[in-house]
Amino acid sequence: MLLERCGADPDDAEAAAAALDQAPPDLLEELYRTIESDMGGLKWLQWPKPPPEQPLAGLYPLLSAVPLMDAFHRERGLDRAASDLVLADIGEKLRLNRRMHGGAGLDVAGWFTGHLRGSLYQLGRLQFCVEGAESKPLLGMHIRGEGGPLSPEAVADSVSQAVEFFPRVFPERFAGREAPTFTCTSWLLDPQLRDWLPERSNILRFASLFDLVGPASQPGTNGHEDVWRFAFAAVPATPAADLPEDNTLQRSLLKGIRAGVEWQVPMGVLALDRL
Ligand SMILES: CC(C)(COP(=O)(O)OP(=O)(O)OC[C@H]1O[C@@H](n2cnc3c(N)ncnc32)[C@H](O)[C@@H]1OP(=O)(O)O)[C@@H](O)C(=O)NCCC(=O)NCCS
């Protein structure tokens, strides 16, 4: 039932139910407690990668924490539909894992601790995560793969929803202040993409809304991994010759890959006046 709420495919839901008995209970308990003890905390928690023979190990503590998230949302006046929108990312990433690894798994389970702890919300096309210090409210922008094109209209709509949502839902942090700073750390903002993607691309139009700050690539990021994962649904070891060339984005990126581009993951600050 929980996986149905997450919009999981039946294959993934069945595999998760079947593997539950084999999941190490101590690890599940430990990971669950990290959520329970930090409801409303910022960003997401760094969880260990699941053991290779247990690719779903991180899923169970997340599902166990759904009642905690629901209670947190209801206290803040958010309805069940808002909670389900947040959970839908889990179904999406199970699908992505199946495409990448050929079976059920959740390789980035720690990412969802932002979802379950009540820090991340889906507003229109984009997700927003409460990330900054209390004195300097900051919202991280995240982009799911499912949900349609990243059109400028969809982006403007999401940001305007966020400008209204956060002061209402988290008044102690966002009310009575200027609009929060919106940031995005993503391969989508790599300026090198301008050399390869067509000018009309939504990715380039999205990137043009940001001023880049900090190093060319943020510490702890990996442009190669992200491009392989998000644009090709491929594991990082996949040779370029084996990557799919099914659409304009993939064909354009492959030209760059063959030319030896090393993809970056910069951070940008959204220029609200460019929306
Ligand atoms: C970000 C995203 C929504 C942009 O999609 P978009 O609005 O269609 O972007 P563009 O206009 O630049 O590109 C259009 C082309 O990309 C293709 N495309 C869109 N999403 C794609 C994806 N996830 N994987 C591969 N190709 C994709 C489209 O089919 C289109 O090609 P076509 O005209 O030949 O059909 C899309 O790249 C995506 O889903 N990425 C995965 C999520 C992601 O990267 N999030 C950021 C994580 S840090």
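In the working numbering, the protein residues as written are 3 to 277.
Ideal Cβ placement from N, Cα and C applies to all residues, glycine included.
None of these values were measured; they are calculated from a predicted model.
Proximity of residue i and residue j at Cβ, strictly below 8 Å
i    : j    : result
W1   : G60  : Only positions 3 to 277 of the chain appear in the structure, and residue 1 is not among them; the question remains open.
G270 : D213 : yes
L211 : L140 : no
L255 : A233 : yes
P278 : W230 : Any question about residue 278 goes unanswered here, given that the chain covers just 3 to 277.
F74  : M102 : no
K51  : D11  : no
A106 : A17  : yes
H117 : V161 : no
L80  : V165 : no
W189 : G225 : yes
P182 : F168 : yes
R119 : G150 : no
L4   : V68  : yes
R283 : E201 : In the structure as shown, the chain starts at 3 and stops at 277, and residue 283 therefore has no counterpart that could be examined.
In DSSP terms, what residue i is bridged to
i    : result
H144 : Q129
Y123 : F130
L214 : G270
Contact set for residue i: own chain, Cβ-Cβ below 7 Å, skip 5 residues either direction
i    : result
W113 : W46
R196 : L206
A218 : Q266, P268
Own chain partners of residue i with C-beta closer than 6 Å, once the 5 adjacent residues on each side are dropped
i    : result
P154 : R207
C8   : L89, I92, G93
D14  : L96, A106
Residue i in three-state terms, based on DSSP
i    : result
F172 : coil
T185 : strand
N224 : coil
R202 : coil
V165 : helix
S153 : coil
V237 : coil
Q56  : coil
W46  : coil
L245 : coil
A18  : helix
V263 : coil
M3   : coil
Which listed residue (the options) has its alpha carbon closest to that of residue i
i    : options                : result
E148 : Q252, D275, G93, V267  : G93
P26  : M71, A17, A111, L58    : L58
L30  : S66, M3, E55           : S66
A19  : Y62, D28, G43, Q252    : Y62
D23  : Q56, T250, L96         : Q56
L44  : R76, D28, R100, G142   : G142
L191 : E180, P182, N204, A181 : N204
E264 : T250, D159, A242, E247 : A242
G216 : P246, D244, T185, Q194 : T185
T115 : R253, A156, E77, I37   : I37
Sequence-distant residues of its chain with Cβ nearer than 8 Å to residue i (five each side left out)
i    : result
A273 : L211, F212, D213
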